[in-house]
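Residue numbers (the numbering used here): 15 to 289.
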């Protein structure tokens, strides 16, 4: 058992047998579509990322890899051995959902192959307050997809619980984490930080946001991080279970592959049981 306890029981009557795949929406746009090129990119990014102690609770960015992939790699390097499942939560960019939306498909497809969903867990989570089954918010959403090739490369075989978070409260998100946190599940929140400020302004704002995250302040807003709702839920859960946060990397697109007049901020964080 991990930091959480009281995992919910599966409700078989809610299981939906769709036998379908969610195809890639941003392969070739946000990350390489060619499998060999993709694997080489992952190897290089992981090799250059700084080493940190293992952590099962992570926050990582989700922009195009040339902009945020190196920052995200710092989080992926923290993934401990023995992970068998990933709860991956991120914001809705295209189709709003009032709480958390989970898909009904059987797998998410990437250029490296399918990532099978934990359908039994998804069916059980759908009984929680604020959680719905809805494929539409996932169809064109990139915040989950861009992490999957890295996770496939680092973990290998695992099952996935992908959740997009719209208007969910921190308590709603924390309840989902609680239900999934069995000691062998990676909890990964997908979020970028500030958007479209000049370089110096973004550096200042993102440093402030990082301080809020490190202090487990679960009152972030969308202007600070597009995944604020999911981050707030993780921080709420962290306070409930005595986790502390560490900053792994903090940069923006002006540091990686973009101009410095309008940048997007990226941060990677790890949360672990406090000493």
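Don't be surprised by glycine CBs; every beta carbon is placed ideally from N, CA and C.
When the Cα atoms are used, what is the spatial distance from residue i to residue j?
i: residue 258; j: residue 186; result: 21 angstroms
i: residue 204; j: residue 77; result: 10 angstroms
i: residue 23; j: residue 40; result: Residue placement at residue 23 cannot be trusted, given a pLDDT of 33 that sits under 50; what the coordinates show is reported in the next sentence. Computed Cα separation, rounded: 34 angstroms.
i: residue 109; j: residue 176; result: 15 angstroms
i: residue 217; j: residue 238; result: 12 angstroms
i: residue 127; j: residue 165; result: 12 angstroms
i: residue 86; j: residue 114; result: 23 angstroms
i: residue 270; j: residue 141; result: 42 angstroms
i: residue 214; j: residue 226; result: 19 angstroms
i: residue 208; j: residue 137; result: 34 angstroms
i: residue 63; j: residue 79; result: 14 angstroms
i: residue 112; j: residue 252; result: 23 angstroms
i: residue 132; j: residue 188; result: 19 angstroms
i: residue 169; j: residue 241; result: 24 angstroms
i: residue 129; j: residue 171; result: 8 angstroms
i: residue 54; j: residue 107; result: 29 angstroms
i: residue 52; j: residue 123; result: 14 angstroms
i: residue 84; j: residue 196; result: 29 angstroms
i: residue 228; j: residue 212; result: 24 angstroms
Is the distance from the Cβ of residue i to the Cβ of residue j below 9 angstroms?
i: residue 236; j: residue 182; result: no
i: residue 179; j: residue 247; result: yes
i: residue 61; j: residue 202; result: no
i: residue 34; j: residue 118; result: yes
i: residue 232; j: residue 250; result: yes
i: residue 284; j: residue 66; result: yes
i: residue 190; j: residue 147; result: no
i: residue 72; j: residue 200; result: yes
i: residue 105; j: residue 48; result: no
i: residue 206; j: residue 279; result: yes
i: residue 1; j: residue 59; result: Any question about residue 1 goes unanswered here, given that the chain covers just 15 to 289.
Please identify the residue among the options whose C-alpha is closest to the C-alpha of residue i.
i: residue 37; options: 216, 252, 121, 238; result: 121
i: residue 268; options: 49, 81, 51, 64; result: 81
i: residue 273; options: 210, 83, 196; result: 210
i: residue 163; options: 50, 279, 109; result: 50
i: residue 103; options: 194, 170, 123; result: 194
i: residue 254; options: 226, 240, 225, 184; result: 184
i: residue 100; options: 135, 83, 79, 213; result: 135
i: residue 256; options: 241, 240, 53, 288; result: 288
For my contact list, residue i and residue j are in at a C-beta cut-off of 8 angstroms; report their separation, rounded to the angstrom.
i: residue 98; j: residue 198; result: 5 angstroms
i: residue 167; j: residue 277; result: Rounded, the Cβ-Cβ distance is 27 angstroms, inconsistent with contact.
i: residue 230; j: residue 245; result: Between residue 245 and residue 230 the Cβ distance is about 10 angstroms, and since that is not below 8 angstroms, they are no contact.
Next on the checklist: For the region 212-225 against the region 262-272, do three or more pairs of beta-carbon atoms, one drawn from each stretch, fall closer than 8 angstroms, so that the two count as touching?
Outcome noted: yes
Checklist entry - Can at least three beta-carbon pairs, one atom from the region 83-93 and one from the region 149-158, be found at a separation below 8 angstroms? => result no
Checklist entry - Is the region 41-51 in contact with the region 153-169, if contact means three or more CB pairs nearer than 8 angstroms? => result At 8 angstroms Cβ cutoff, the stretches touch.
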